[in-house]
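Novice:
In full-length UniProt numbering, the protein residues as written are 1 to 882.
(1) Would the segment 111-118 count as touching the segment 613-629 if we require 3 or more Cβ pairs under 8 Å?
(2) Does the segment 813-824 come close enough to the segment 842-850 that 3 or more CB-CB pairs lie under 8 Å?
(3) What residues match up with residue 884 in a beta bridge as DSSP calls it?
(4) Since I believe residue 166 is in contact with residue 212 (beta carbons under 8 Å), could you give me their beta-carbon distance rounded to a whole number of angstroms?
(5) Apart from the five residues on each side of it in sequence, which residues of its chain come closer than 7 Å, Cβ to Cβ, to residue 834?
(6) Looking at the secondary structure, which residues open and close the alpha helix (DSSP H) in which residue 301 lies?
(7) Where does the unbroken beta strand (DSSP E) through residue 881 begin, and where does it stop?
(8) Exposed or buried, which one is residue 135 when buried takes at least 16 other CB atoms within 10 Å?
(9) Runs of 4 residues minimum, wholly inside the segment 355-422: which ones carry the alpha helix (DSSP H) assignment?
(10) Comparing C-alpha positions only, which one of 230, 870, 35 and 603 sits nearest to residue 841?
(11) Residue 884 and residue 825 look like a contact to me (Cβ under 8 Å); what is the Cβ gap, rounded to whole Å?
(12) I'd like to know whether the C-beta of residue 366 is nearer than 8 Å to at least one C-beta of chain D.
(13) Report all residues from its chain with a CB closer than 6 Å to the CB of residue 711; omit the five preceding and five following residues, and keep chain order.
(14) What separation, rounded to the nearest whole angstrom, lies between the Cα atoms of residue 611 and residue 434?
(15) Which residue or residues does DSSP assign as beta-bridge partners of residue 664?
(16) Taking just the CA atoms, how far does residue 483 sit from residue 305?
(17) Secondary structure at residue 146, three-state DSSP: helix, strand or coil?
(18) Quick check on residue 507: does DSSP put it in helix, strand or coil?
(19) What's the call for residue 399, buried or exposed, on a 16-neighbour Cβ count within 10 Å?
(20) To which residues of the same chain is residue 749 closer than 6 Å at the C-beta, ignoring the five residues directly before and after it?
(21) Let me confirm a value: residue 863 is counted as buried when at least 16 other C-beta atoms fall within 10 Å, else exposed. Which label applies?
(22) Grab the span of the alpha helix (DSSP H) containing residue 171 for me, first residue to last.
(23) Here's a check: name, in chain order, each residue in its chain whose Cβ is nearer than 7 Å to the Cβ of residue 688, leaving out the five neighbours to either side.
(24) Helix, strand or coil: which one does DSSP assign to residue 308?
(25) Leaving out five residues before and five after residue 596 in sequence, what residues of the same chain have Cβ atoms less than 8 Å from its Cβ?
(26) Using a Cβ-Cβ cutoff of less than 8 Å, which residues in the same chain neighbour residue 120 once the five nearest sequence positions on both sides are dropped?
(27) Throw me the rounded Cβ distance for the residue 303 and residue 192 pair, which I believe falls under 8 Å.
(28) Taking 8 Å as the limit between beta carbons, can you name the residues of its chain near residue 627, skipping five residues before and five after?
(29) Can you list the alpha helix (DSSP H) stretches of 4 or more residues lying completely in the segment 170-233, in chain order?
(30) Within 10 angstroms of the Cβ of residue 409, are there 16 or more other Cβ atoms? Answer buried if so, exposed if not.
(31) So, at 6 Å on beta carbons, what are the nonlocal neighbours of residue 208 in its own chain, with the 5 sequence-adjacent residues on each side left out?
(32) Tell me residue 523's beta-bridge partners as DSSP assigns them.
(33) Should residue 325 be labelled buried (16 or more other beta-carbon atoms within 10 Å of its own) or exposed?
(34) Residue 342 lies in the alpha helix (DSSP H); which residues open and close that run?
(35) Given a cut-off of 8 Å, decide if residue 301 and residue 272 are closer than it, judged by their beta-carbon atoms.
(36) In terms of alpha-carbon separation, which member of 411, 781, 681 and 806 lies closest to residue 495?
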């Protein structure tokens, strides 16, 4: 980890040398500092490997890390000072003299750091630290990147080896008992409780038996109202705004929604009897077969929930099942998942060391999946032996091995995940932008967003991060950490003084001032607070998660004036109302998240954030306008807003790095020169397209990087859409608004592979045209996009379609198709089509179909799937009824 810190500072020094003009006598001093750091990097490879077993080496590494951080602080503070002179209202000579003085001072300060480096370097021999390599870690990292898959395929593999009997038993208990029951799955962390519960929850018999189902993560740090809202959203057909409802009102609403219906609610990862009691009153306990399914580590919680229900305790896996599971994870590239004979003996011994704990087996398997030589497997076994000898807690020791095995550039990325709360679903895209803003992603070797995606995919491949949601084209949308992997991330991050969490329940004692001041990333949870007197001015990331405004002692003004070195500031859902002018002084800020934060205005000084890469002001409905200063923010890559409130002039033609622009008013778009947006990948426009249709489409055709386009019409209907054909780079299209007549197939973007229609109000079968689009991969017809009674699919139509979603087509009564229609269909989702009677007979010939999802469908439709229509879908591996 110290090596990663040194490499990061090396890059900052290089940036300073390239961007800032120093006096001639200072520049060589900075170059010498860079050379010293490169030499130090060679020793750190060996030191990082030895520090776990040698206290002196650990202290030496800590000294190097602190030195690197001090150098980084010095550089960033210097840049801040130089920039501040530009805005002070003094004469030119004063500004010039002050700037020259500051540049001379940084040269002297960096020379002092170089002296400290020399002193530390001398001591490496006393600790037996060797020089390894030549400081070319980035070259190695780039070579590894080339070998990574560009995307992680959505695996069909499930980690249920050894759980088959448990699943069958639990399904029987859920569907055969007519009484209300709270059934608990009990076991230690990592033994597979959630995996087992998911299989039970999605079992066909369970889906058929219950009228409605819901799944919520409770965790140690829960808010009762959040859990109640989540369940309501899952069991209600339509939900109103619940933000102003009291907890008691939410409780009553949920009770009424569940009353008279046979329900199943899963309370995953529940830790205390208090947590259960805070929710219990919302669940009717009549005798109609209603069930709660709990997963918990605490047997007392299980008995408290229902003393008449015997907890189902999961066992450790047998040696045979453990070996099967390891092979599934270690040999993902082979169809039969068979271990080569030369690796089997060592592999079996590694499995023994995992003690039958599935999480340990899966994580070790993910690590071994990148190793094929006998010597590499032997090294893993030797390391496990060493760690187990040192740490009696075998689970944490084995999981720690997965961290030690990470390349240096992935260690920071993994530690950063520790900032997110327990069981938190984090957006992959948001994570990428935070990583990039923090400088954790190299700026060479492709677009940084693509590199960040590859980094996340590698953590997923290593089974250190779990995928919670996939997109239709099989890219990761949301992830989460297993509790034990999060514990690992936090423990290593604290040891490295990487982060600190305010309000975390595992903080048993107040942190020392040293721990708070050295940690450069802080997260504040709902029950935490942050005060200036205990905070470090050198923070680089500050993240708030549903913080109680009353408890939190810090204001937006405090943040902007006291943490001027911040790169990431996430204030989503923190009610701040206004942003002070002083935000313009935070010149290092690269990520500013203000989504749903109730801001009413933004100051013009936000235009001074020349390094800002991501600005998210979406869902701030009281924000009337934003100042026309975006054109100054030439580093901006991603900008999110709400178009209907921001219709004023907004110049953006200078933003050549802009990749995402959503949701922009068409009036603002017409005021600018969008042809200069050479990097724009994703664009959302909203407003009236009638008056300037030709001009709008001509401007869109000039966007050579545009891949994703969303058009939301404020008119009764769209004007002619025939000019869509000029958008030859667009592959993803979302059209929201009335359409009198669909464009002909040749009038769509020629390379289109994803299409969503929303509120189109088409009365003629759209499939006659859409099925002729040669590359269409994903099709979504949503919310009254079709008003007819029948959708008909022609022979050999949709040659490439794999994903079809039909949502809230209220007049749809029938689907008709031919055997040869949609030859590659893989997933069919039907939501809220209340008049649809049945699936077509021809669906039984769709041999490629892997998934059927039905949500908010009438009972008679679902009953047919179990009865007279069962032969149509018996070949489909996954059928979900939500």
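Virtual Cβ for every residue (Gly too), placed ideally from N, Cα, C.
Specialist: In short:
(1) no
(2) Segment contact: the segment 842-850 against the segment 813-824, three or more CB-CB distances shorter than 8 Å; contact assigned.
(3) Any answer about residue 884 is impossible in this case: the structure gives the chain only from 1 up to 882.
(4) So it is not a contact: roughly 24 Å between Cβ atoms.
(5) 810 and 858
(6) Counting along the chain, the alpha helix (DSSP H) containing residue 301 begins and ends at 299-305.
(7) That run of the beta strand (DSSP E) goes 878-881.
(8) The predicted model places residue 135 with a pLDDT of 49, which falls under 50 and marks its position as unreliable; any figure quoted below should be read in that light. By the neighbour-count rule (16 or more Cβ atoms within 10 Å), residue 135 is buried.
(9) 358-368, 374-390, 394-404 and 408-416
(10) 870
(11) The question about residue 884 has no answer, for the chain in this structure spans 1 to 882.
(12) The displayed structure is made up of one protein chain only, and chain D is not part of it.
(13) 685 and 735
(14) 14 Å
(15) 685
(16) 22 Å
(17) Annotation note: pLDDT 49 at residue 146 (below 50); position unreliable, no value reported.
(18) Caution is warranted here: a pLDDT of 46 is assigned to residue 507, below 50, making its placement in the model unreliable, and no coordinate value can be reported.
(19) buried
(20) Excluding five sequence positions before and after residue 749, the CB atoms of its chain that fall closer than 6 Å to its own CB belong to 724, 727 and 730, given in chain order.
(21) By the 10 Å Cβ count, residue 863 comes out exposed.
(22) 164-176
(23) 666, 714 and 715
(24) coil
(25) 572, 573, 618, 619 and 620
(26) Short of 8 Å from the beta carbon of residue 120, and not among the five residues preceding or following it, lie these beta carbons of its own chain, in chain order: 40, 60, 63, 64 and 67.
(27) Actually they are not in contact, since the Cβ atoms of residue 303 and residue 192 sit about 21 Å apart, beyond 8 Å.
(28) Within the same chain, Cβ atoms closer than 8 Å to the Cβ of residue 627 are found at 602, 603, 604, 606 and 607, the five residues on either side in sequence being excluded.
(29) Inside the segment 170-233, DSSP marks whole alpha helix (DSSP H) runs of 4 or more residues at positions 193-201 and 204-209, from first to last along the chain.
(30) buried
(31) 866
(32) DSSP lists 501 and 543 as partners of residue 523.
(33) Classification for residue 325: buried.
(34) 341-353
(35) yes
(36) 411
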